[in-house]
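Numbering (the numbering used here), first residue to last: 739 to 1036.
We put the beta carbon where it would ideally sit given N, CA and C, even for glycine.
As the structure is a prediction and not an experimental result, all values here were calculated from the model.
Below is the structure:
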């Protein structure tokens, strides 16, 4: 149960962001007729930039022919993390980073009221409190984000990454922008107070999760970047701002640097990154434009 949940959780970080920091105001999907898809032009090559929903449903398919043609004409597929990698090392790292040993446990590290709420939540969702009690708050929050994905009706296997990874075969090399260790430590190195707030933020009623996911997916499908940005990137609380800085803003900088390297090399790259990373003043598109890169949005 634990290992299977972990593998899924690595690919639904956007659900953690969705539940913890989005929906600050009511937004209505508006048909924009544009895509979460861009082209960055280097001196002698092209990098296509695909804004992904890591977990989705069948309603996002078929994709626009512009996207399909760009993928077919690309030499490399670039993803944040390839989910097909061996899980052994990841599981060892998660145990090291996310589990309590000896007499310490979750109940000793979170407020009693939150522990009681978690106990009720686990019963509603048929989880083992005994298993969760051995986990640190960030890993419990991660596990609950997996439950949120299930409650939303989304599946990682229906996400953009899996769709294209299944089509690479042996002819199109896959490049990872990050490692599983890096992504795990984004959570495990959070201050305890932020871990606790993150855990608490993931305990939402299924109807709330379904509604938020439906809004997010419709904003993506209609290309409504303006409301998508408002929905995802404007946290109110201090911990949410710190959470977004480490999970989005800081990573945007390092991923932009790698995209710049692609633009200076040969070949055509098809880059898939979570849609939230592209938008806003601190998003990848803005960072690339600040470095003089010509960007075309489809």
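Item	Value
Are the CB atoms of residue 782 and residue 1004 within a distance shorter than 8 Å?	yes
Does the structure place the segment 790 to 808 close enough to the segment 898 to 905 that three or more beta carbon pairs sit under 8 Å?	yes
Compute the Euclidean distance between the alpha carbons of residue 987 and residue 1022, then round it to the nearest angstrom.	9 Å
Checking the sheet assignment: what are the DSSP bridge partners for residue 912?	815
Could you check where the beta strand (DSSP E) with residue 790 kicks off and where it finishes?	784 to 790
Please classify residue 1034: does DSSP put it in a helix, a strand, or coil?	strand
Could you please give me the residues that DSSP links to residue 1010 through a beta bridge?	788, 817
Residue 768 to residue 964, Cα distance in whole Å?	Interpretation of residue 768 is limited by its pLDDT of 47, a score under 50 that renders its predicted location unreliable; the figure taken from the coordinates is listed afterwards. Approximately 10 Å between the Cα atoms of the pair.
Just the Cα atoms here: how many angstroms apart are residue 923 and residue 897?	23 Å
Quick one: any contact between the segment 835 to 853 and the segment 942 to 959, if contact means 3 or more CB pairs under 8 Å?	no
Can you tell me whether residue 685 is helix, strand or coil according to DSSP?	Outside the displayed range of the chain (739 to 1036) lies residue 685, so it cannot be described from this structure.
Taking the alpha helix (DSSP H) that residue 851 falls in, what are its first and last residues?	850 to 862
On a CA-only basis, which of 881, 1014, 957 is nearest residue 933? Give me that one, please.	881
Rounding to the nearest angstrom, what Cα-Cα distance links residue 883 and residue 940 in this structure?	6 Å
Looking at the unbroken beta strand (DSSP E) that takes in residue 1019, where does it start and where does it end?	That residue, residue 1019, is in no beta strand (DSSP E); it is neither H nor E in DSSP.
So, residue 1011 versus residue 818, is the Cβ gap smaller than 8 Å?	yes
Grouping DSSP H, G and I as helix and E and B as strand, with all else coil, what is residue 841?	coil
How many Å lie between residue 999 and residue 980 at the Cα?	28 Å
Quick check: what's the CA-CA separation for residue 765 versus residue 995?	Residue confidence for residue 765 is low, a pLDDT of 48 falling below 50, so the modelled location carries little weight; the figure read from the coordinates is stated next. Their Cα atoms are separated by approximately 33 Å.
Given a cut-off of 8 Å, decide if residue 925 and residue 876 are closer than it, judged by their beta-carbon atoms.	yes
Assign residue 979 to one of three DSSP states: helix, strand, or coil.	helix
Could you check whether residue 858 and residue 1001 sit closer than 8 Å to each other, using their CB atoms as the reference points?	no
Look up residue 775 in the DSSP assignment and say whether it is helix, strand or coil.	strand
Please classify residue 893: does DSSP put it in a helix, a strand, or coil?	strand
In the segment 895 to 966, which residue ranges form an unbroken beta strand (DSSP E) of at least 3 residues, counting only runs that do not cross its ends?	912 to 914
Please report the straight-line C-alpha distance between residue 828 and residue 918, rounded to a whole angstrom.	7 Å
Hey, out of 831, 886, 916, 974, whose CA is closest to residue 952's CA?	886
Which residues mark the beginning and the end of the alpha helix (DSSP H) in which residue 807 is found?	803 to 810
Drop a sphere of 10 angstroms on the beta-carbon of residue 1029, count the other beta-carbons inside from all chains shown, and report buried for 16 or more, exposed for fewer.	exposed
By the 10 Å Cβ neighbour count, where 16 or more other Cβ atoms means buried, how is residue 978 classified, buried or exposed?	buried
For residue 997, report the span of its alpha helix (DSSP H) as first-last.	988 to 1001
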